[in-house]
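Residues 114 to 292 in the working numbering are what the sequence shown spells out, letter by letter. Below is one structure; the comments refer to it alone.
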Amino acid sequence: MVRAVLDQIDRHNSIVNAYCWVDRDAALRGASDSEARWMAGAPRGLIDGVPVGVKDNVLVAGMPARFGSKLTSDALVSHDAPAVARLREQGAIIIGKTTMPEFGWKAVTDSPLTGVTRNPWDTRKTPGGSSGGAVAAVVLGMGNIHLGTDGGGSIRIPAAFAGSYGIKPTRARVPAWPA
């Protein structure tokens, strides 16, 4: 499954600009580890081995958190946000980071750091925002699950623009911090 997702990223990301960071080596190692767990009859959970994309404003250990901005550091983060930690506990494989507008402040996904993200159905149009990279990726098979953020429609707007779906949990139901 991970190889298929990486192939889709190779095929489509240069057109829609959904991912701003992909960690192929870690994804392939994660897939190998997951396969071994399933073969041993000991998966971590129901999503063990499922490829996941994470929005660029969510902390993922070993990846930068740029928030779509040139004003932030490109240093690799040392720890996971609670939602990412929970996904990993269940065996999810973090593929990379999806694009977003600078600091998530727009309902379109473009930024000075990553450029314009395009709607997967019509590349002349926007996928909305601020989780536009996530929706473009999911529609094109560049990951099975995508973790976004939503305070004012940032998951719901892109889902509507791309004919997909998104879930906004109740406020404070999924903690941003601490882990």
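Using N, Cα and C, we set each Cβ at its ideal position, and we do this for glycine too. Quantities reported herein were computed from a predicted structural model and do not represent experimental measurements.
Skipping 5 residues on each side, what residues in its chain have a beta carbon closer than 6 Å to that of Lys238?
Contacts found: Asn232.
Looking at the strands, I want to know which residues DSSP matches up with Ile258.
According to DSSP, which records beta bridges pairwise, Ile258 is partnered with Val165.
In whole angstroms, give me the CA-to-CA distance for Gly204 and Ser147.
Near 7 Å, if we compare the C-alpha coordinates of Ser147 and Gly204.
Is Ala289 close to the ligand FAD? I mean its beta-carbon at under 6 Å from any heavy atom of the ligand.
This structure does not include the ligand FAD; it has no bound ligands of any sort.
Within the same chain, show all residues whose beta-carbon is closer than 7 Å to that of Asn170, passing over the 5 residues directly before and after it, in chain order.
Cβ neighbours of Asn170 beyond the five flanking positions: Ala178, Phe180, Met213, Gly217, Thr262.
As a quick exercise: from His192, Arg142, Asn126, pick the residue whose alpha carbon is nearest that of Thr236.
Thr236 has its Cα closest to that of Asn126, out of His192, Arg142, Asn126.
Take Val221 as the anchor and find which of Arg201, Arg199, Asp187, Gly265 has the nearest alpha-carbon.
When each option's Cα is compared against that of Val221, the closest is Gly265.
Specify whether the segment 134 to 148 and the segment 267 to 275 touch according to this definition: at least 3 beta carbon pairs, one from each stretch, less than 8 Å apart.
No, they do not touch.
What is the DSSP secondary structure of Val295, reduced to helix, strand or coil?
The structure shown does not extend to residue 295, since the chain is modelled only from 114 to 292, so the question has no answer here.
May I ask you to report which of helix, strand or coil DSSP gives Ile160?
Coil at Ile160, not helix or strand.
In the DSSP output, what is Val229 paired with across the bridge?
Paired residues: Asp223.
Gly162 and His259: beta carbons closer than 7 Å?
Not in contact: Gly162 and His259 (Cβ atoms no closer than 7 Å).
With DSSP collapsed to three states, give me the class of Ile128.
Ile128 falls in the helix class under three-state DSSP.
Just to check my reading of the structure: Thr211 and Lys281 have Cβ atoms closer than 8 Å, yes? What is that Cβ distance to the nearest angstrom?
Wrong, their Cβ atoms sit about 16 Å apart, outside the cutoff.
Output needed for Leu189: all residues of its chain with C-beta closer than 7 Å, excluding positions within five of it in sequence on either side, in chain order.
Counting only Cβ-Cβ distances below 7 Å, and skipping sequence neighbours, we find Gly175, Met176, Pro177.
If I follow the unbroken beta strand (DSSP E) through Ile208, where does it start and stop?
206 to 211 is the span of the beta strand (DSSP E), which, as asked, contains Ile208.
Compare the Cα-Cα distances from Arg286 to each of Gly158, Leu172, Ala196, Ser145 and report the closest residue.
The residue with the shortest Cα to Cα distance from Arg286 is Ala196.
On the three-state DSSP scale, how would you describe Trp234?
Correct three-state label for Trp234: coil.
Below 7 Å between beta carbons: does that hold for Lys183 and Leu253?
The answer is no: Cβ separation not under 7 Å.
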